[in-house]
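In what follows, a single structure is set out as structure tokens and then discussed.
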Amino acid sequence: MNTNRPTLDQAIRSFTGGKQLLEGRVKFEISPLVENGNAVPVTVEVDSPMTAENHVRRIALFNEKNPQADVAVFHLSPRSGRARVSTRIRLASSQTVVALAETSDGSFWSSKANVVVTLAACIEDVSKA
Amino acid sequence: MLRPVLAATLALTFLSFARADILPKDKRSGFDFMSPQTQAMQSDETSNPGMLWVLDGERLWGEPQGSAGKSCASCHEDATKGMRGVAARYPVFDEQSKRPIDLAGRINRCRQTRQAAPPLAHESNELLNLTAYVAYQSHGMPVAPATDPRLEKFRENGRAWFERRLGQLQLSCASCHDDRWGARLGGSIIPQAHPTGYPLYRLEWQTVGSLQRRLRGCLVGVRAEPFEYGAPEYIDIELFLMSRASGLKMETPAVRP
Amino acid sequence: MTRALVNVPKTARRGEVIEIRAMIQHVMETGYREGPNGVTIPRHIIKRFVCKYAGEEIFSAELFPAIAANPFLSFSTVATESGTITFEWTDDKGETQSTSADIAVT
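Protein sequence lines, in the order shown, are assigned to chains A, B and C.
Just so you know, we're using the working numbering here: the first sequence kicks off at 8 and counts up by one.
Just so you know, we're using the working numbering here: the second sequence kicks off at 18 and counts up by one.
Just so you know, we're using the working numbering here: the third sequence kicks off at 84 and counts up by one.
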């Protein structure tokens, strides 16, 4: 396991440029107990009118314990209509995952989730597969 | 004083190890044991990764294969009609080999005898694509095993393998899937082992795989030497498992953890 | 060319917010896994996804190895006009793959 990766806080700071994180507006849907860390469905929805004057510019996902902190960065605009994205991510172990939103006024909002990841009961012998 | 207690304990132990077939009212697909998130991944065709293989199978169905220049469609025409209900009956009795044949085996048999094409390798994407596409045509239909009486002895052989303790761990399929379904093995809930969704997308594999791949995983899990791909034992076991799953709905392409 | 499956409503009312889904077959090899004999399997992932609506970009994503194999994305857009919605995936070797779907907006 790569222990040289940035911490979760460092990863967040690289996205926000050190700006203060505000609480609220971000709804982060991820199951607290995951059947398989290879494909974890997540949905991030940000409360925003998505107008030209007031919209979400980016949504980012970061993790705490994978070999790499980055997961994805989504770019939105007033054309999105709604600030809601879904995808499936990989989690190597039980850890904290963070969803960040950057709004058009330059502020940053966040939501954290603690996820327990269970491993498959029997590991397949891939060399024989 | 101790003797009645000992006798009672022995009786209870014997009862708890007695094998019990799943009652019809308790028969449930592995789907029911999954989290709502994984269920949603399967139920929605636009997010089910297995559909990527089904769509590739649809393409292969219409492409000429081998030196005879024929596609599956050349003989079978529209799969949505011609292949409807087929997978729900398999494995069936094969006249040529005089034993049961599974869907993948039948596809390869057709390739060799009708299309003058080489058989597709086990677990190859092409074979999984075609098998998934054909099995998908039975989606939602109840498992309805073929009733040919010549299958009986092979089905019984499959049952014998299902009940046989194997490997260093000396566990039979029945030890978990008849006796302890619903309980947990590590963090995973033990399902009843009905192969209603194969080929399926397994999150652990990050790809689509066959029932044989899954059976091999279990054999390795109990520390037994797995049979080679294509072994008759797998076909007999599948024949038994599909009879045991009779009435449950076909789910191909299923998603499983 | 690997298989892609996209979902766009065939029709929509002008101004309606519609959901779009895009999934593509790709191993998303992380570069952190070891194969037989302990040799690291090289990274091979889709890095970027761009969706355009009548030629204008409406959504894009930067993807990293932590995105699951056979990447799935769901996002929204406002139905503005009838036209073609295009989807383009680019991997870390710079190779791209595209597909498209049409929408009729009334």
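Built from N, CA and C at the ideal position, the CB exists for glycine as well.
List, in order along the chain, the chain A residues whose C-beta lies closer than 7 Å to that of residue i?
i	result
E145 of chain C	A79 and V80
Where does residue i fall in DSSP's three states?
i	result
H211 of chain B	coil
F48 of chain B	helix
Q82 of chain B	strand
A136 of chain A	Annotation note: pLDDT 42 at A136 of chain A (below 50); position unreliable, coordinate value reported separately. In the structure shown, A136 of chain A sits in coil (DSSP, three-state: anything other than H, G, I, E or B).
L232 of chain B	helix
V103 of chain B	coil
D43 of chain B	helix
N153 of chain C	coil
H93 of chain B	helix
P166 of chain B	helix
F31 of chain B	The pLDDT assigned to F31 of chain B is 43, lower than 50, so where the model puts this residue is not dependable, and the model offers no usable value.
F257 of chain B	helix
V122 of chain C	coil
E75 of chain B	helix
G166 of chain C	strand
L145 of chain B	helix
M58 of chain B	helix
S216 of chain C	Only positions 84 to 189 of chain C appear in the structure, and residue 216 of chain C is not among them; the question remains open.
Q154 of chain B	coil
M111 of chain C	coil
E30 of chain A	strand
I96 of chain A	strand
V122 of chain A	strand
E178 of chain C	coil
T173 of chain C	strand
S263 of chain B	coil
D16 of chain A	helix
S55 of chain A	coil
P53 of chain B	helix
W116 of chain A	strand
Between the beta-carbon of residue i and the beta-carbon of residue j, is there less than 8 Å?
i	j	result
G166 of chain C	Y136 of chain C	yes
E268 of chain B	G214 of chain B	yes
V41 of chain A	V105 of chain A	no
K42 of chain B	L265 of chain B	no
A149 of chain B	W70 of chain B	yes
F171 of chain B	L256 of chain B	yes
F170 of chain C	V89 of chain C	yes
L217 of chain B	R273 of chain B	yes
A151 of chain C	I96 of chain A	yes
A149 of chain C	N11 of chain A	no
L311 of chain B	I254 of chain B	Lying before the first or after the last residue shown, residue 311 of chain B is absent from chain B, which here runs from 18 to 274.
I118 of chain B	L147 of chain B	no
P13 of chain A	N121 of chain A	no
A121 of chain B	S155 of chain B	no
P162 of chain B	S263 of chain B	yes
Which residue from the options puts its Cα closest to that of residue i?
i	options	result
L146 of chain C	C:R104, C:A87, C:I129 and C:K176	C:I129
I252 of chain B	B:V109, B:L220 and B:Q154	B:V109
F142 of chain C	C:T113, C:R86 and C:I103	C:I103
N142 of chain B	C:A187, C:V110 and C:F158	C:V110
L183 of chain B	B:S205, B:R240 and B:L217	B:R240
T189 of chain C	C:I124, C:R126 and C:R96	C:R96
H62 of chain A	A:P85, A:N45 and A:E36	A:P85
S159 of chain C	C:C134, C:N153 and C:G138	C:C134
H194 of chain B	B:A210, B:E250, B:R230 and B:L186	B:A210
M100 of chain B	B:G74, B:A57 and B:Q56	B:G74
M106 of chain C	C:H127, C:E178 and C:F132	C:F132
R91 of chain A	A:N73, A:S101 and A:I66	A:I66
A140 of chain C	C:V161, C:V122 and C:T85	The identity of residue 140 of chain C in the sequence shown is Glu, whereas the question assumes Ala. Checking every option, the nearest Cα to that of E140 of chain C belongs to C:V161.
S21 of chain A	A:S118, A:G31, A:L107 and A:P48	A:L107
A99 of chain A	A:S117, A:A59 and A:N45	A:N45
G113 of chain A	A:I37, A:V47 and A:E60	A:E60
M51 of chain B	B:T224, B:W198 and B:E250	B:W198
G102 of chain B	B:E173, B:R167, B:Y153 and B:D49	B:Y153
G113 of chain B	B:E62, B:T130 and B:Q187	The sequence as given places Gln at residue 113 of chain B; Gly does not occur at that position. When only C-alpha atoms are compared, the closest one is B:T130.
F155 of chain C	A:R32, A:K72, A:W116 and A:V47	A:V47
Can you name the residues of chain C whose CB is closer than 7 Å to the CB of residue i?
i	result
L83 of chain A	F142
M51 of chain B	None at all; the shortest Cβ gap to chain C is about 16 Å.
Q75 of chain A	F147, P148 and A149
G88 of chain A	V100, S159, T160 and V161
Residue i touches chain A at which residues, Cβ-Cβ below 8 Å?
i	result
E221 of chain B	N43, N45, A127 and E131
Residue i touches chain B at which residues, Cβ-Cβ below 7 Å?
i	result
N90 of chain C	T63
S38 of chain A	S52 and Q54
Q108 of chain C	L69
So which residues of chain B does residue i contact, with C-beta pairs closer than 8 Å?
i	result
F155 of chain C	S64 and P66
Pull up the CB-CB distance for residue i and residue j, whole angstroms please, since I reckon it's below 8 Å.
i	j	result
T103 of chain A	L15 of chain A	6 Å
Could you tell me which chain C residues have their CB closer than 8 Å to the CB of residue i, listed as they occur along the chain?
i	result
L72 of chain B	R86 and L88
Quick one: is residue i near chain F, going by C-beta distance under 8 Å?
i	result
P274 of chain B	The chain inventory of the structure shown lacks chain F, comprising the protein chains A, B and C.
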